[in-house]
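>
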Amino acid sequence: MKRFSFVLALFAVFSMVCSASAGTLDDVKSKGFIQVGVNGDVFGFGKPDEKGVWKGLDVDTGRAIAAAVFGDASKIKFIPLTAVTRFTALQSGEIDVLCRNATRTLSRETALGLNFVQVNYYDGQGFLVPKSLGVKSAKELDGASVCVLPGTTTELNAADYFRSNGIKMKPVVIENTAELAKTFFAGRCDCLTSDASQLAGTRAVAPNPDDYMILPQIISKEPLAPAVRHGDDQWYDIVNLSVLAMINAEELGITSKNVDEMLKSANPKIQRFLGVTPGNGKALGLDEKFAYNIVKQVGNYGEVFERNVGKDTPLKIERGLNALWTNGGLMYSPPFK
Amino acid sequence: MQKIDIGDEKIPLLNDPAKRSLIYQVGVVLMVAALGYYLISNTLANLDRQSIATGFGFLEKESSFEIGESLIEYSAADNYARALLVGVLNTLKVSFVGIVLTVILGTLIGVARLSTNWLVSRLAAIYIELLQDIPVLLQLFFWYAFFYEMLPSPRQALNPVTGLFLCNRGMIFGVPAAHPAWAWMGWAFLVACVLAWLLRRWAMQRLFKTGKPFPIFWTSLGVLLGLPFFVWLLAGAPTAMDLPHLRGFNFQGGMSISPEFTALLLGLVLYTAAFVAEIVRAGIQSVNKGQTEAAKALGLKTGKVLSLVILPQALRVIIPPLTSQMLNLTKNSSLAVAIGYPDFVSVANTTINQTGQAIEGVAMIMAVYLCLSLLTSVFMNWYNKKMALVER
Chain A
1 MKRFSFVLAL FAVFSMVCSA SAGTLDDVKS KGFIQVGVNG DVFGFGKPDE
51 KGVWKGLDVD TGRAIAAAVF GDASKIKFIP LTAVTRFTAL QSGEIDVLCR
101 NATRTLSRET ALGLNFVQVN YYDGQGFLVP KSLGVKSAKE LDGASVCVLP
151 GTTTELNAAD YFRSNGIKMK PVVIENTAEL AKTFFAGRCD CLTSDASQLA
201 GTRAVAPNPD DYMILPQIIS KEPLAPAVRH GDDQWYDIVN LSVLAMINAE
251 ELGITSKNVD EMLKSANPKI QRFLGVTPGN GKALGLDEKF AYNIVKQVGN
301 YGEVFERNVG KDTPLKIERG LNALWTNGGL MYSPPFK
Chain B
1 MQKIDIGDEK IPLLNDPAKR SLIYQVGVVL MVAALGYYLI SNTLANLDRQ
51 SIATGFGFLE KESSFEIGES LIEYSAADNY ARALLVGVLN TLKVSFVGIV
101 LTVILGTLIG VARLSTNWLV SRLAAIYIEL LQDIPVLLQL FFWYAFFYEM
151 LPSPRQALNP VTGLFLCNRG MIFGVPAAHP AWAWMGWAFL VACVLAWLLR
201 RWAMQRLFKT GKPFPIFWTS LGVLLGLPFF VWLLAGAPTA MDLPHLRGFN
251 FQGGMSISPE FTALLLGLVL YTAAFVAEIV RAGIQSVNKG QTEAAKALGL
301 KTGKVLSLVI LPQALRVIIP PLTSQMLNLT KNSSLAVAIG YPDFVSVANT
351 TINQTGQAIE GVAMIMAVYL CLSLLTSVFM NWYNKKMALV ER
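Protein chains in written order, with full-length UniProt numbering: chain A, 1 to 337; chain B, 1 to 392.
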């Protein structure tokens, strides 16, 4: 599998040699589906269920883009990528958009040649430990073995955190998320570090979830956002506004259940948003009903959040920073006009 | 005047085979060069269009990530170049130890396969069939899982003898505490090696001249062990030990061998040894049965027959395929990233991801493995020449 990821990286490098493209939108339309790079192993964000149906917040973000482009959320192909292969896959054109809990950082937006769109999950890095370890704070982890994924901002943050607190760590770096979790649950590491959302997902699939706890320290900001390649503004706008449309729909009180009635709403904001008053779709090069299709087929941001990671899921994550700005969170959409 | 010399007659350019082949070759070289130019310029243009940084300048930057185990001092404050060096050394470590163990184990099993003892030969056959047929990656996962599932946590570590602990963080054992005597003993050992070599030369000369054998093995062993021991006594026989003890989450002091390294080494050695065993068997069987019978007729014992008559001849058949198995082991060590051993590919992958310099990173991976493979080949070819049949 690892050999495979290397081969993929190698392949991607060579395909970078001849990736010439007209606009991504035209490419996608002529293909008839969108290729979305997803995680494949993180419960709640991107992982197929036991029937093989892809589930997760990032997966639904991808579906929203497909709904916007084709009016059909199922015209999509999910490509599971590791932390190491994800950016190369995007750079080389293997995928059209990356929805794989990637943190937006300066170096990725510059040296990697990527553009991140609206954040679809505000996260922060934490530590998952077995309760039996008796640790109450991350600062007590001096000398600990730390399970971590390679090539992530997490890997750097953990090293920074231990360095700045004058304590030592011994990383155990395994590329495959599932294998890493297995190693941690078997006790090879004292703690597992990752984004708090992923820790919740990992804990949810633990052999005995109650034996583990997430330490209170959040040691970094991890704004997770979908990413596209540099140099295609139209495609950037489409992906960005697809994410924003889900947030805006929640703000306007439009859900997948009531969206058809909302078409008859007298509110001009809603009329513009759902394409009853035309203009928005044409400006993007999409169907006027793109926002309607997103909400109808995928749902608004709140629905997507609650369905995948919310209180009633095994992850039991509170909205927190991911609540609407009107509820004290950070989710804020510019007006659709 | 009549022209007789045909050579002076003008042959049309395209009908002259020598010139024609030259033209073809020049044509092919030009085409390859043009293709290379196209690929490189196109890549650079594409990278530039997507504004992806290029160049090796990133090697000077601070790496900011930790590496689990290292033969040299390393911290997250060091630069990428040093991190990559740590990776190269880790790859070398596992490959070198792996190759030595593989050759020993492979030879033993290969010889066992030909044993006249039915049980021994069957067991060797089962070993070979079983381990050859299971993909090496699965074997690595198996051994790694074996270590972290079977062994207890550090707090419940097994302690079979004083100073040795076994737990899922690895094998931790006491080592002699730092003392200048250890360095002196190292030098004494080197001196002993030279002495043993001289002794062997002298003994061989005497054997050829007078026909009297000399117990080279036992005397050499005596010198190799005795000289450092003597130095140790002279230095005052230091016995202080640096024993591991549990502090916080982990053991402090002593030396440790990580489960990742052990699992990788075990997986690679057991897998490759199965192939080496078959090569050794084929080599031995390639030696005519008459050689064994002749050697036995001279009154040599079985061990001597093997070491003096059979193996030297078998080696000519064994060495070339053995070289490729050594290369296989080195290259397969790149599977380490699957079980968390920080080999070169693992470190280079992380570097690629943190810097985004995939082309430079992949180029370095290819260059390092090419160098390792070429060095192994050069050494083995030299050894092969030395072992080749000397025709008189």
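From the three backbone atoms N, C-alpha and C, an ideal C-beta is built for every residue, glycine too.
Because the structure is a prediction, the values reported are computed rather than measured.
Using a Cβ-Cβ cutoff of 9 Å, what residues of the stretch 203-224 of chain A are near chain B? List them in chain order.
Hits within the stretch: zero.
> Take I317/A and list the residues in its own chain whose beta-carbon comes closer than 6 Å to its own, dropping the five residues that flank it on each side.
Along the first sequence, read from residue 1 onward, the residue named residue 317/A stands at position 317. A200 and V309.
> Counting beta carbon pairs with one atom in the stretch 266-276 of chain B and one in the stretch 320-339 of chain B, are three or more of them shorter than 8 Å?
Yes, they touch.
> Considering G285/A, what are the terminal residues of the alpha helix (DSSP H) in which it resides?
In the first sequence, residue 285/A corresponds to position 285, counting from 1. Per DSSP, G285/A belongs to no alpha helix (DSSP H) and is neither H nor E.
> Would you kindly work out how many angstroms separate the C-alpha atoms of N250/B and A157/B, rounded to a whole number?
Locating residue 250/B in the second sequence gives position 250, counting from the first residue. Locating residue 157/B in the second sequence gives position 157, counting from the first residue. Taking the straight line joining both Cα atoms gives about 10 Å.
> Find the residues of chain A that neighbour R82/B, judging by a C-beta separation of less than 9 Å, and give them in chain order.
Locating residue 82/B in the second sequence gives position 82, where the first residue counts as 1. Here the premise fails: no neighbours, minimum Cβ distance about 14 Å.
> For D195/A, which three-state DSSP category applies?
For the purposes of this step, residue 195/A is identified with residue 195 of the first sequence, where counting begins at 1. Looking at D195/A - three-state DSSP - the assignment turns out to be strand.
> Quick one: is Q125/A near chain B, going by C-beta distance under 8 Å?
Translated into the one-based positions of the first sequence, residue 125/A becomes position 125. So, not an interface residue.
> Write down every uninterrupted run of the beta strand (DSSP E) in the stretch 233-308 of chain B whose length is 3 residues or greater and which is fully enclosed by it, in chain order.
DSSP runs (the beta strand (DSSP E)) wholly in the stretch 233-308 of chain B: 245-247, 250-252 and 255-257.
> To be precise: take each residue of the stretch 266-298 of chain A, compare its Cβ to all Cβ atoms of chain B, and keep it if any distance is under 7 Å. Which residues remain?
Going along the stretch 266-298 of chain A in chain order, one finds no residue with a Cβ nearer than 7 Å to chain B.
> Cβ atoms of P259/B and F147/B: under 8 Å apart, would you say?
Within the second sequence, numbered from 1, the residue matching residue 147/B stands at position 147. Within the second sequence, numbered from 1, the residue matching residue 259/B stands at position 259. For F147/B and P259/B, yes; Cβs fall inside 8 Å.
> Give the range of the alpha helix (DSSP H) segment to which G302/A is assigned.
Translated into positions along the first sequence, residue 302/A becomes position 302. Where G302/A is concerned, the enclosing alpha helix (DSSP H) stretches over Y301 to N308.
> If you draw a straight line from the alpha carbon of L314/B to that of A188/B, how long is it in whole angstroms?
The count along the second sequence starts at 1 and reaches residue 314/B at position 314. The count along the second sequence starts at 1 and reaches residue 188/B at position 188. Going by the sequence as given, residue 314/B is Ala instead of Leu. If I take the Cα positions, the gap works out to 36 Å.
> Please list, in chain order, the residues of the stretch 90-113 of chain A that have any C-beta partner in chain B closer than 8 Å.
Cβ contacts with chain B: Q91, S107, R108, T110, A111, L112 and G113.
> Against chain B, which members of the stretch 141-161 of chain A pass a CB distance test of less than 7 Å?
Those residues of the stretch 141-161 of chain A that come within reach of chain B (Cβ to Cβ, closer than 7 Å) are D142, G143, A144, S145, P150, G151, E155, L156, A159 and D160.
> Using a cut-off of 9 Å between C-beta atoms, extract the partners of N117/B located in chain A.
If you number the second sequence from 1, residue 117/B lands on position 117. Under the 9 Å cutoff, chain A gives no residues; its nearest Cβ is about 39 Å from N117/B.
> Does the stretch 92-103 of chain A come within contact of the stretch 181-188 of chain A, defined as at least 3 CB pairs closer than 8 Å?
The answer is no - the stretch 181-188 of chain A does not touch the stretch 92-103 of chain A, with fewer than three Cβ pairs under 8 Å.
> Would you say R169/B faces chain A, with C-beta separation under 8 Å as the test?
For this step, residue 169/B is matched to residue 169 along the second sequence. True, the Cβ-Cβ gap to chain A drops below 8 Å.
> So what does F127/A bridge to, in DSSP terms?
Here residue 127/A is taken as the residue at index 127 of the first sequence, counted from 1. DSSP output for F127/A lists T193/A as bridge partner(s).
> I'd like the list of long-range same chain contacts for G87/B, defined as Cβ closer than 7 Å, with 5 residues on each side in sequence excluded.
Residue numbering aside, residue 87/B sits at position 87 when the second sequence is read from its first letter. Only P342, D343, F344, S346, V347 and A348 meet the Cβ criterion.
> Should Y38/B go down as buried or exposed, given a rule of 16 or more other Cβ atoms within 10 Å for buried?
Residue 38/B sits at position 38 when you count from the first residue of the second sequence. When all chains shown are included, Y38/B counts as exposed.
> Applying the 10 Å Cβ sphere with the 16-neighbour rule, what's the burial state of V173/A?
The sequence position of residue 173/A within the first sequence is 173, counting from 1. Per the 10 Å Cβ criterion, buried.
> Residues bridged to I95/A by DSSP?
Locating residue 95/A in the first sequence gives position 95, counting from the first residue. Paired residue(s): none; I95/A is not in a bridge.
> Buried or exposed for residue 426/B, please, with buried defined as at least 16 other CB atoms from any protein chain shown within 10 angstroms of its CB.
Any property of residue 426/B remains undetermined from this structure, which presents chain B solely from 1 to 392.
> Could you check which residue in E175/A, E222/A and S107/A has the C-alpha nearest to that of G340/B?
In the second sequence, counting from the first residue as 1, residue 340/B sits at position 340. Cα-wise, what sits closest to G340/B is E175/A.
> For a cutoff of 8 Å on Cβ pairs, would you count T88/A as touching chain B?
To locate residue 88/A, count along the first sequence from 1; it is residue 88. By this cut-off, T88/A is an interface position.
> Quick check: the Cα distance between N240/A and T152/A, rounded to an integer number of angstroms?
Your numbering for residue 240/A matches position 240 in the first sequence. Your numbering for residue 152/A matches position 152 in the first sequence. Distance between the alpha carbons of N240/A and T152/A: 23 Å.
> Is it right to say Q354/B is buried, meaning 16 or more other beta carbons lie within 10 angstroms of its own, or is it exposed?
Within the second sequence, residue 354/B is the residue found at index 354, counting from 1. Buried.
> Out of E140/A, Y236/A and K170/A, point me to the one whose CA is closest to C147/A's CA.
For the purposes of this step, residue 147/A is taken as the residue at position 147 of the first sequence. Measuring from the Cα of C147/A, the nearest candidate turns out to be K170/A.
> What separation, rounded to the nearest whole angstrom, lies between the Cα atoms of G231/A and Y122/A?
For the purposes of this step, residue 231/A is taken as the residue at position 231 of the first sequence. For the purposes of this step, residue 122/A is taken as the residue at position 122 of the first sequence. Going by the C-alpha atoms only, they are around 26 Å apart.
> Which of the three DSSP states, helix, strand or coil, is assigned to A203/B?
The residue given as residue 203/B occupies position 203 in the second sequence. Of the three classes helix, strand and coil, the one that applies to A203/B here is helix, per DSSP.
> How many angstroms separate the CA atom of F379/B from the CA atom of A159/A?
On the second sequence, position 379 is the one that residue 379/B refers to. On the first sequence, position 159 is the one that residue 159/A refers to. Cα to Cα, F379/B sits roughly 40 Å from A159/A.
> Can you pull the chain A residues whose beta carbon is under 9 Å from the beta carbon of G355/B, in chain order?
What you label residue 355/B is simply residue 355 of the second sequence in a count that begins at 1. Inspection of the sequence shows that residue 355/B is occupied by Thr rather than by Gly. The answer, in chain order, is S107, A111 and L112.
> E251/A versus chain B: which residues are under 9 Å apart at the beta carbon?
Counting from 1 along the first sequence, the entry for residue 251/A is found at position 251. None at all; the shortest Cβ gap to chain B is about 34 Å.
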